[in-house]
């Protein structure tokens, strides 16, 4: 209506999103033969937007890593069964993923496998 003036809107400032920080270093244990259980804490900084998933990877002493496995953002523990020929120590790695990018990997090395 031209007879009434509207109140100016408050400007909205949009923050730009970036990659998430790395999760805290994971905890890895080997509760059974050839099994590795990895747990991690979500990153302190999600990059300004929701972490949508995590990717995890295990590297046995052979040096041949497993493929990165993507898991839901609600999961913070994963159990993996390694191949019969794999041996320890094992390196465990996890990255956080949001719509912009992946974080750097958080890693722990030297996890002894249960025989």
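In my numbering, the protein residues as written are 1 to 115. Even glycine gets a Cβ: it sits at the ideal position worked out from N, Cα and C.
### Query
Taking all protein chains shown into account, do 16 or more other C-beta atoms lie within 10 angstroms of the C-beta of residue 63, making it buried, or fewer, making it exposed?
Exposed.
### Length of the line joining the Cα atoms of residue 79 and residue 67
Roughly 14 angstroms separates the two Cα atoms.
### From 21, 105, 19, 83, residue whose alpha carbon lies closest to that of residue 93
Closest by alpha carbon: 105.
### Task
Between the Cα of residue 89 and those of 7, 23, 30, spot the shortest distance and give me the residue it belongs to.
Closest option to residue 89, Cα to Cα, is 30.
### Task
Whole angstroms is fine: what's the gap from residue 83's alpha carbon to residue 33's?
Residue 83 and residue 33 have their C-alpha atoms some 10 angstroms from each other.
### Query
Can you check whether the CB of residue 42 is closer than 7 angstroms to the CB of residue 103?
Residue 42 sits away from residue 103, with the two beta carbons spaced by 7 angstroms or more.
### Task
List the residues that DSSP assigns as beta-bridge partners of residue 33.
DSSP, once it has assigned bridges, lists 114 as partnering residue 33.
### Task
Take the Cβ of residue 85 as the centre, count every other Cβ of all protein chains shown within 10 Å, and call the residue buried at 16 or more, exposed below.
Exposed: under 16 other Cβ atoms inside 10 Å.
### Query
Taking DSSP as the reference, what is the three-state secondary structure of residue 46?
Of the three classes helix, strand and coil, the one that applies to residue 46 here is coil, per DSSP.
#### Entry: From 8, 10, 50, residue whose alpha carbon lies closest to that of residue 73
In terms of CA proximity to residue 73, 50 leads the group 8, 10, 50.
### Query
Which partner residues does residue 109 have in the DSSP bridge list?
Here residue 109 is not bridged, per DSSP, to any residue.
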